[in-house]
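Trainee: Keeping their order, the protein sequence lines are chains A and H.
What the first sequence shows, in full-length UniProt numbering, is residues 1 to 477, in sequence order.
What the second sequence shows, in full-length UniProt numbering, is residues 1 to 477, in sequence order.
Quick reminder that beta carbons are idealized off the backbone N, C-alpha and C, glycines included.
Number of protein chains: 2
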Amino acid sequence: MAGRHIPCKRPNSADRSSITMTRSNPIERLECVIPYAVDHPFPLENLPWTVFSTSADEKPRCAVRIADSLLDLALLSAQAPHAFASGPLSDQRVHELFSQSTLNAYLAQPRQVHRDFRAFLQHMLSPGSQVFDSNSQAVLQAALIPIEQAKLHLPIRSGDYTDFCASKYHCTATGRLMFNDPTRPLEDQWFQLPIAYHGRSSSLVVSGTNFHRPNGIFRTKPGSSDVQFGPSKRMDFELEVAFVIAGSELSPLGRPVKLDQAEDAIFGLMLMNDWSARDIQAYEMNPLGPFTGKNFATSLSPYLVELAALEPFRTPSPTAEHTPFAYLDHKGNGSTWDVRLQAFISPSPPATSTEQERVWTKITDTSLKHVYWTASQMVAHHTITGCNLKPADTFATGTCSGPFDEPHSEASLIEACKAGRQPIPLDPPKGSTSTETRCFLLDGDAVKILGHAFDPASKLHIGLGECTGQILPAIEL
Amino acid sequence: MAGRHIPCKRPNSADRSSITMTRSNPIERLECVIPYAVDHPFPLENLPWTVFSTSADEKPRCAVRIADSLLDLALLSAQAPHAFASGPLSDQRVHELFSQSTLNAYLAQPRQVHRDFRAFLQHMLSPGSQVFDSNSQAVLQAALIPIEQAKLHLPIRSGDYTDFCASKYHCTATGRLMFNDPTRPLEDQWFQLPIAYHGRSSSLVVSGTNFHRPNGIFRTKPGSSDVQFGPSKRMDFELEVAFVIAGSELSPLGRPVKLDQAEDAIFGLMLMNDWSARDIQAYEMNPLGPFTGKNFATSLSPYLVELAALEPFRTPSPTAEHTPFAYLDHKGNGSTWDVRLQAFISPSPPATSTEQERVWTKITDTSLKHVYWTASQMVAHHTITGCNLKPADTFATGTCSGPFDEPHSEASLIEACKAGRQPIPLDPPKGSTSTETRCFLLDGDAVKILGHAFDPASKLHIGLGECTGQILPAIEL
Chain A
1 MAGRHIPCKR PNSADRSSIT MTRSNPIERL ECVIPYAVDH PFPLENLPWT VFSTSADEKP
61 RCAVRIADSL LDLALLSAQA PHAFASGPLS DQRVHELFSQ STLNAYLAQP RQVHRDFRAF
121 LQHMLSPGSQ VFDSNSQAVL QAALIPIEQA KLHLPIRSGD YTDFCASKYH CTATGRLMFN
181 DPTRPLEDQW FQLPIAYHGR SSSLVVSGTN FHRPNGIFRT KPGSSDVQFG PSKRMDFELE
241 VAFVIAGSEL SPLGRPVKLD QAEDAIFGLM LMNDWSARDI QAYEMNPLGP FTGKNFATSL
301 SPYLVELAAL EPFRTPSPTA EHTPFAYLDH KGNGSTWDVR LQAFISPSPP ATSTEQERVW
361 TKITDTSLKH VYWTASQMVA HHTITGCNLK PADTFATGTC SGPFDEPHSE ASLIEACKAG
421 RQPIPLDPPK GSTSTETRCF LLDGDAVKIL GHAFDPASKL HIGLGECTGQ ILPAIEL
Chain H
1 MAGRHIPCKR PNSADRSSIT MTRSNPIERL ECVIPYAVDH PFPLENLPWT VFSTSADEKP
61 RCAVRIADSL LDLALLSAQA PHAFASGPLS DQRVHELFSQ STLNAYLAQP RQVHRDFRAF
121 LQHMLSPGSQ VFDSNSQAVL QAALIPIEQA KLHLPIRSGD YTDFCASKYH CTATGRLMFN
181 DPTRPLEDQW FQLPIAYHGR SSSLVVSGTN FHRPNGIFRT KPGSSDVQFG PSKRMDFELE
241 VAFVIAGSEL SPLGRPVKLD QAEDAIFGLM LMNDWSARDI QAYEMNPLGP FTGKNFATSL
301 SPYLVELAAL EPFRTPSPTA EHTPFAYLDH KGNGSTWDVR LQAFISPSPP ATSTEQERVW
361 TKITDTSLKH VYWTASQMVA HHTITGCNLK PADTFATGTC SGPFDEPHSE ASLIEACKAG
421 RQPIPLDPPK GSTSTETRCF LLDGDAVKIL GHAFDPASKL HIGLGECTGQ ILPAIEL
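#1: For A/F229, name the three-state secondary structure that DSSP assigns.
#2: Using a threshold of 8 Å, state whether the C-beta atoms of A/G431 and A/Q470 are closer than that.
#3: Here's the rule I'm using: 16 or more other beta-carbon atoms within 10 Å means buried, otherwise exposed. How should H/V206 be labelled?
#4: Go through the region 187-213 of chain H residue by residue and report every complete run of the beta strand (DSSP E) that reaches 3 residues or more, in order.
#5: Using a Cβ-Cβ distance cut-off of 8 Å, determine whether residue 532 of chain H contacts chain A.
#6: Along the region 362-390 of chain H, where does the CB come closer than 8 Å to a CB of chain A? Name the residues.
#7: Between A/D365 and the rest of its own chain, which residues show a CB-CB distance below 6 Å, the 5 nearest in sequence each way excluded?
#8: Whole angstroms are fine: how far does the CA of H/T336 sit from the CA of H/D329?
#9: Please report the distance separating the alpha-carbon of A/E321 from that of A/P403.
#10: Cβ closer than 9 Å: which chain H residues qualify as neighbours of A/N215?
#11: Since H/A396 and H/D163 are thought to touch, with beta carbons under 8 Å apart, how far apart are those beta carbons, to the nearest angstrom?
#12: Cβ atoms of H/G216 and A/I384: under 8 Å apart, would you say?
#13: Could you tell me whether any Cβ in chain H is nearer than 8 Å to the Cβ of A/P252?
#14: For A/P349 and H/G208, I'd like the C-alpha separation in whole angstroms.
#15: Need the endpoints of the beta strand (DSSP E) that A/A63 sits in, please.
#16: Quick check: the Cα distance between H/K459 and H/P473, rounded to an integer number of angstroms?
#17: Closer than 9 Å by beta-carbon distance: list the chain D residues that pair up with H/F395, in chain order.
#18: Using the Cα positions of A/S353 and H/S225, report the straight-line distance between them to the nearest angstrom.
#19: Which residue from A/I195, A/W373 and A/E415 puts its Cα closest to that of H/I280?
#20: Is the Cβ-Cβ distance between A/R219 and A/R278 less than 8 Å?
#21: Note down, in chain order, every chain A residue with its Cβ under 8 Å from the Cβ of H/G199.
#22: Comparing the C-beta of A/G469 with each C-beta of chain H, is any distance below 8 Å?
#23: Does A/H382 pass the burial test, meaning 16 or more other C-beta atoms within 10 Å, or should it be called exposed?
#24: Nearest to A/H370 by alpha carbon, out of A/F237, A/D116 and A/A411?
#25: In this structure, does DSSP put H/S77 in helix, strand or coil?
#26: When DSSP labels each residue in this structure, what does H/A2 get in the three-state scheme?
#27: What does H/N295 reach in chain A if we use C-beta pairs closer than 8 Å?
#28: Just to confirm before moving on: does the CB-CB distance between H/P110 and H/S248 stay below 8 Å?
#29: Could you check whether the Cβ of H/Y283 sits closer than 8 Å to any Cβ belonging to chain A?
#30: If you run the structure through DSSP and keep just helix, strand and coil, what is H/G444?
#31: Along the region 160-172 of chain A, what residues have a CB closer than 7 Å to any CB found in chain H?
#32: What is the rounded straight-line gap between the Cα of H/R65 and the Cα of H/P425?
#33: Among the residues of its own chain, which have a CB less than 6 Å from the CB of A/V379, if the five just before and after it don't count?
#34: Buried or exposed: A/V38, going by 16 or more other Cβ atoms within 10 Å of its Cβ?
#35: Helix, strand or coil: which one does DSSP assign to A/C467?
#36: Give a yes or no on whether the minimum CB-CB distance between H/V359 and chain A is below 8 Å.
Here is the structure:
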């Protein structure tokens, strides 16, 4: 095959014209036997998956979230087997799959089962289904666990976690900061393929897991040849979205997943915070990429939202700035989802206050729709060599920064504070005139990531939940 | 903590004076109820672990290799429960652990159980044990599966696989080739910490698994700005050793493993071939490291050899060329194992020949003892940030190239053929005057990696088995 050289168009802000959303038909809303506000983030149209336990039953098991409750599918299938009689999985199978401590066994089912079971649950919980008559209402009520009684766990056990770097804006901004060149363009290679690295899956943790500031080796100052060992001084967050792989017939070793079939390999998505020790990472990453600068903790939201729930929010992906090779070419028909993504930071509250009294300063307010490479392109590229996928494998977008000319577009602190040159003012506590600022995270600081999609006409609100974490002081060695 | 600048001594060949082996006491050999030659690679002192199936029983289960057989522990514990009466695991537990299709459940046991069970098996199979009297000899014989009847499987399911780059010689040589500078030194950073990247664990395959040449994007020529898509033209192998993590009490998130306790987290080792598509890797790896250039297949030998089996071959590790930070400082007492490592390549045999008639050309003949960073240093560095470990996690050394002045020291083709500048003559088939050469691997080429340790005085021979694979043509897209 002859070589070819593809000139790349450079980033500009005009390309957003292609990513406005068009909706020709109004969204029809589902009715549910469980009452909730029309704009509740967990309506019957959402029905995200999670794993939970309670103080009364500490064994983690699987559930879907509906309104302010979790529907305990392990319990419901045991107590009301008849409810599953007309579904795609027998009550025994439902019980077996959802009594487990992760969703992995369910994710390994055929994709058609996932589609059918989602539709079945939606039907089961609709007023017309009559699955729960007055005699069995009590069983349903018993299986609805109020969310405040539930402890949420990481719902998946990822065999492999891959972190892409798919936002043009993030990669452009960090390259410019790293080389201290405010007009530096992205490398041609960036537009040829979605760059990525394998991440550490053992340290994927669920939202709410606090962790110690990592120790490591880093330069005393950026660019210095002097190095030191100690707690990282440049702790950052990265707001990301993680796609979770599923299916019983994923491509075996040697068989690439074609672009137009790639989305079928994705079950759903979660919010992710790819915590980063910038100084450790900068020192170690040449030439093998990020390693200990990111291996200490990566946080995921507890909810796995199916792609089907986001279908009303599908939107064209950003226009390709050059034509990629055929295996990555959407031919103008690529799509993504308009999911609003927000990140907030908060200093440790004063000793006299509680965690609830934290004051949150918004850093990021952007959308998944700005990410240049699509989830399908990530899957197609990852497997083009013949690499096999397994259920619960996780593909993250990388930092989801938005267009430079939009406020709060930066999805990490290093971008927001210009690598330390522009400290960020923190919102003062009520009644205070505090002038505290941040460049990188201090001990006690917490980060909260939120995600949701919303349609004003129908008030359909698909919540992704939240992904939080707090930095504890480095441990004594 | 104040910064400090550490001048690095540069690579030279004099440092090998420190890595000669000293053995003050002769090795005492064990006696075994199963007869074998004194220099058999799988004597009672070795007893490596594997997973196998047979055509008569296709369910994979766990075994230890002894001489020319596998001891089926699932079968033996079912048929002769009394044999385990005095061991550290009840016969039910033995049966439960070893009926599984991987060693993961066993690897998750306390390390003391591993030590005790190894000693117990060695005692069980010694003439003095009398576990198998004339009545139960038949049961033992039935559980000994002749190796030629066994199909060997990958014995572990790795949650995470990390590939280090711990050979000074490999990293120096590839840096010089990449920058076309024959005197280029390693970066200071290389001597500060063992660099590494997370690898892809889904595509870890067992020896004997053939795979298709990967497709990808690469430069038409090194350094060119023209790129093309297609089958890799620079397929290579990398001879490596993989260390496998085990234990019930591995450090939780946040707790680094101390250097002097790190070896206790390692169960044993396996041979590895980290197949690499050099052209794909070179194009994609800036700045996030290797990704699809290595994610299509990584081969492991089917035997997991416990570190205890290699204790007689322990030897001091290479002298540190500068003093590392305390968490990596062996203070001159670091050690490794003198394991001979060899790699061979073979072209596809003519159509009229069989696989057995392949002619193998030796590329590599070196030792694990030359690898600069120790397995303990890898564990200590990986966890210094608080990264947690899980049983069956795999840490590979990276390409185990030896000193430049030793013949066959290069443990990859890119080093052996000087990045394509010095084609390697292949050994001709018997009676032929073929003058075939290789730079990178062609379709049909196979690679075989061997490893063993040997003590001439006692004739103790600890075989690591072999790790083979053949490259099939790229699939049609």
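Mentor: Concretely, from the data shown:
#1: On the first sequence, residue 229 of chain A is found 229 positions in, with the first residue counted as 1. The answer is strand: DSSP assigns A/F229 an E or B state.
#2: Along the first sequence, read from residue 1 onward, the residue named residue 431 of chain A stands at position 431. Along the first sequence, read from residue 1 onward, the residue named residue 470 of chain A stands at position 470. Going by C-beta atoms, A/G431 is not nearer than 8 Å to A/Q470.
#3: Here the question's residue 206 of chain H lines up with position 206 in the second sequence. Classification of H/V206: buried, given that the 10 Å Cβ count is 16 or more.
#4: 196-199 and 204-206
#5: With chain H covering 1 to 477 only, the question about residue 532 of chain H has no answer from this structure.
#6: H381, H382, I384, T385, G386, C387, N388, L389 and K390
#7: Counting from one through the first sequence, the residue named residue 365 of chain A turns up at place 365. Cβ within range, chain order: Q342 and H408.
#8: Locating residue 329 of chain H in the second sequence gives position 329, counting from the first residue. Locating residue 336 of chain H in the second sequence gives position 336, counting from the first residue. The alpha-carbon separation between H/D329 and H/T336 amounts to approximately 14 Å.
#9: Taking the first residue of the first sequence as position 1, residue 321 of chain A is located at position 321. Taking the first residue of the first sequence as position 1, residue 403 of chain A is located at position 403. Taking the straight line joining both Cα atoms gives about 15 Å.
#10: Within the first sequence, the letter at position 215 stands for residue 215 of chain A. Near A/N215 (Cβ distances below 9 Å), the residues of chain H are P256, Y327, I384, T385 and G386.
#11: Residue mapping note: residue 396 of chain H aligns to position 396 of the second sequence, counting from 1. Residue mapping note: residue 163 of chain H aligns to position 163 of the second sequence, counting from 1. H/A396 to H/D163, Cβ: 5 Å. Contact.
#12: Here residue 384 of chain A refers to the residue found at position 384 when the first sequence is read from its first residue. Here residue 216 of chain H refers to the residue found at position 216 when the second sequence is read from its first residue. Against a cut-off of 8 Å, the Cβ pair of H/G216 and A/I384 comes out as a contact.
#13: For this step, residue 252 of chain A is matched to residue 252 along the first sequence. Cβ-Cβ to chain H under 8 Å: no for A/P252.
#14: As a position in the first sequence, residue 349 of chain A is number 349, starting the count at 1. As a position in the second sequence, residue 208 of chain H is number 208, starting the count at 1. When rounded, the separation of the alpha-carbon atoms in A/P349 and H/G208 is 59 Å.
#15: Within the first sequence, residue 63 of chain A is the residue found at index 63, counting from 1. Counting along the chain, A/A63 sits inside the beta strand (DSSP E) bounded by residues R61 to I66.
#16: Start at 1 with the first residue of the second sequence, and residue 459 of chain H comes out as number 459. Start at 1 with the first residue of the second sequence, and residue 473 of chain H comes out as number 473. Straight-line Cα distance between these residues: approximately 42 Å.
#17: As a matter of chain content, chain D is missing from the structure shown, whose protein chains are A and H.
#18: Looking up residue 353 of chain A in the first sequence gives position 353. Looking up residue 225 of chain H in the second sequence gives position 225. Roughly 59 Å between the two C-alpha positions.
#19: Residue mapping note: residue 280 of chain H aligns to position 280 of the second sequence, counting from 1. Nearest option by C-alpha distance: A/I195.
#20: Against the first sequence, residue 219 of chain A aligns to sequence position 219. Against the first sequence, residue 278 of chain A aligns to sequence position 278. No. Outside cutoff.
#21: For the purposes of this step, residue 199 of chain H is identified with residue 199 of the second sequence, where counting begins at 1. Those are H198, listed as they occur along chain A.
#22: Translated into positions along the first sequence, residue 469 of chain A becomes position 469. It does not; no Cβ of chain H falls within 8 Å.
#23: One-based indexing of the first sequence puts residue 382 of chain A at position 382. A/H382 is buried by the Cβ-count criterion.
#24: For the purposes of this step, residue 370 of chain A is identified with residue 370 of the first sequence, where counting begins at 1. Selected option, being the one with the closest Cα: A/A411.
#25: Numbered from 1 along the second sequence, position 77 holds the residue referred to as residue 77 of chain H. Secondary structure at H/S77: helix, using DSSP grouped into helix, strand and coil.
#26: Locating residue 2 of chain H in the second sequence gives position 2, where the first residue counts as 1. Since pLDDT at H/A2 reaches only 40, below the 50 mark, its modelled position is unreliable, and the value read off the structure follows with that caveat. H/A2 carries a coil assignment under DSSP once its states are collapsed to helix, strand and coil.
#27: Reading the second sequence from its first residue, position 295 is the one you call residue 295 of chain H. Simply H198, H382, T385 and C387.
#28: Taking the second sequence and counting its residues from 1, one reaches residue 110 of chain H at position 110. Taking the second sequence and counting its residues from 1, one reaches residue 248 of chain H at position 248. When the beta-carbon positions are compared, H/P110 and H/S248 come within less than 8 Å of each other.
#29: Mapped onto the second sequence, residue 283 of chain H falls at position 283. So, interface residue.
#30: As a first step, residue 444 of chain H must be located in the second sequence, where it is residue number 444. Reduced to three states, the DSSP call for H/G444 is coil.
#31: Residues of the region 160-172 of chain A that bring their beta carbon within less than 7 Å of a beta carbon in chain H comprise D160 and C165, in sequence order.
#32: Walking along the second sequence from the start, residue 65 of chain H turns up at place 65. Walking along the second sequence from the start, residue 425 of chain H turns up at place 425. Cα to Cα, the separation comes out at about 36 Å.
#33: Position 379 of the first sequence, counted from the start, is the residue given in the question as residue 379 of chain A. So the qualifying residues of the chain are V257, A262 and A265.
#34: Here residue 38 of chain A is taken as the residue at index 38 of the first sequence, counted from 1. Classification of A/V38: exposed, given that the 10 Å Cβ count is below 16.
#35: Taking the first sequence and counting its residues from 1, one reaches residue 467 of chain A at position 467. Three-state result, A/C467: strand.
#36: One-based indexing of the second sequence puts residue 359 of chain H at position 359. No, no contact with chain A.
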